[in-house]
Amino acid sequence: MNNPSIELSVIIPVTEERYDDVTYLFHEYKRGISETGMSYEIIYVLDGAFPGIREALQGLREKGEKLMIIQLAKHFGATAALNVGFEHSKGDIILTLPAYQQTEADEIPRLVAALKEYDMVFARRWPRADSFINRVQAGLFNWLLRHVSDLPIHDAGSNVKAFRRQVINEVHIYGDQHPFLPVLAHQRGFKVREINVAQAKTDVFRRVYSPGTYVRHLLDVLAIIFLVKFTKKTLRFFGLLGTAGFSVGFLITLYIVGERLFGDVALANRPALLLSSLLMILGIQILAIGLIGEIIIFTHAKELKEYTIAQIIN
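Our numbering applies: residue 1 is where the sequence shown begins, and numbers increase by one.
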């Protein structure tokens, strides 16, 4: 869908009710985008029914502002909204911005200009002016991600990202993977860089989520660990788990049998024997899952691509 007349596609997903003033933020973003000197398009993707925001955006269109509004039938999540924006965008460079201001608009040209050296750049709000609890939450989350990948990431919660279209052509995100796009792009061999930018003054508010949200985030991190490290090495992942479970069960069983043979201790009414047997069976099942995964990957190995070619000189 590339259009030579449009160089920069700006995608703004709207996924929550809590947002800054739509008209003010649009003009702030437009000011920063215009300073890039590129021809651009602005695409708003409404992830569900947001009548107030839609009315404000339509009001901007009636005043002559050029922007595209895409409304989804219901709430599908930020990743789905971004994918819809990617599909309908036309520029070779894509800039994603949140519907509330995380960084100062003056930083947009610097982020886009950095793509001369990198395939993808994402903003790190620095110095952070958040509350203590926000910094602790973000610090733990970013610490986990840094140990998943060798990408030095300090602000995975930032939704301000600029990247070349090739990145999204090669890296497909789904579920709730949008915060991990830099990690996945880096894993595929793209040149990714985190850049310090000024945090917006309106971005300072306390964020406390439900326990279920923290559990989902932890599961998302575990999924990324698997995708980054074990996508084509499933036996290593399941093999480690299966071997550990089988080994613990085997050692417990060996100890119990030793007590029976040399200590004259009866095997009846020994819950530990049941537990050890279950661990051994579970370990074998997990190993079998890993082997099945290896067979599937081997069968489709030619269709899987885990690298990106930066340049071919002929």
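Positions of the beta carbon are idealized from the N, C-alpha and C atoms, including for glycine.
Can you tell me whether valine 171 is helix, strand or coil according to DSSP? coil
Terminal residues of the alpha helix (DSSP H) in which tyrosine 214 lies: 211-230
Backbone CA spacing between isoleucine 309 and isoleucine 289 [nearest angstrom]: In this predicted model, isoleucine 309 has a pLDDT of only 49, less than 50, meaning its place in the structure is not dependable; the value taken from the coordinates is given anyway. Roughly 32 Å between the two C-alpha positions.
Cut-off 7 Å between Cβ atoms - residues of its own chain near threonine 234, not counting five sequence neighbours on either side: Gly290, Gly293, Glu294, Ile297
Could you check where the beta strand (DSSP E) with serine 247 kicks off and where it finishes? Serine 247 -> not in any beta strand (DSSP E); alpha helix (DSSP H) instead, spanning 234-262.
Using DSSP with H/G/I as helix, E/B as strand and the rest coil, what is asparagine 196? strand
Sort Arg270, Ile69, Gly189, Val171 by Cα distance to valine 10 and report the nearest one. Ile69
Less than 8 Å between the beta carbons of serine 34 and isoleucine 6, yes or no? no
The beta strand (DSSP E) enclosing alanine 99, as first and last residue numbers: Premise fails: alanine 99 is in no beta strand (DSSP E) and is neither H nor E.
With glutamate 28 and lysine 90 assumed to form a contact (beta carbons below 8 Å), what rounded beta-carbon distance in angstroms separates them? Rounded, the Cβ-Cβ distance is 23 Å, inconsistent with contact.
Measuring CB to CB, does alanine 162 end up less than 8 Å from isoleucine 224? no
With DSSP collapsed to three states, give me the class of asparagine 314. Note on asparagine 314: pLDDT 46, under 50, position unreliable in the model; the coordinate value appears next. Looking at asparagine 314 - three-state DSSP - the assignment turns out to be coil, as it is neither helix nor strand.
Just the Cα atoms here: how many angstroms apart are aspartate 21 and alanine 99? 9 Å
Using the DSSP secondary-structure output, state which residues sit across from phenylalanine 180 in a beta bridge. Answer is none; phenylalanine 180 lacks a bridge partner.
The beta strand (DSSP E) spanning valine 14 covers which residue range? 8-14
In the DSSP output, which residue or residues are listed as bridge partners for glutamine 166? DSSP lists no partner for glutamine 166.
Taking 7 Å as the cut-off, is the beta-carbon of methionine 38 closer than that to any non-hydrogen atom of the ligand GTP? This structure simply doesn't include the ligand GTP, nor any ligand for that matter.
Nearest-angstrom Cα separation, counted from glycine 258 out to phenylalanine 246: 18 Å
List the residues that DSSP assigns as beta-bridge partners of leucine 46. Val14, Gln71
Should leucine 279 be labelled buried (16 or more other beta-carbon atoms within 10 Å of its own) or exposed? buried
Mapping the DSSP letters down to three states, classify threonine 103 as helix, strand or coil. strand
Phenylalanine 76 - DSSP class collapsed to helix/strand/coil: coil
Please return the same chain residues whose Cβ sits closer than 6 Å to the Cβ of glycine 249, not counting the five positions on each side in sequence. Ser276, Leu279, Met280
Beta bridge counterpart(s) of tyrosine 40 as assigned by DSSP: Leu8
In the DSSP assignment, the beta strand (DSSP E) including phenylalanine 122 goes from what residue to what residue? 120-125
Please classify proline 13 as buried or exposed, where buried requires at least 16 neighbouring CB atoms within 10 angstroms. buried
Would you report the Cα separation of leucine 267 and leucine 282, rounded to the nearest angstrom? 21 Å
Can at least three beta-carbon pairs, one atom from the region 182-198 and one from the region 142-157, be found at a separation below 8 Å? yes
Cβ-Cβ separation, valine 160 to glutamine 102 (assumed contact under 8 Å), whole Å: 6 Å
Would you be able to state if there are at least three C-beta pairs under 8 Å between the region 74-88 and the region 42-53? yes
Does the distance from the CB of serine 149 to the CB of arginine 125 come in under 8 Å? no
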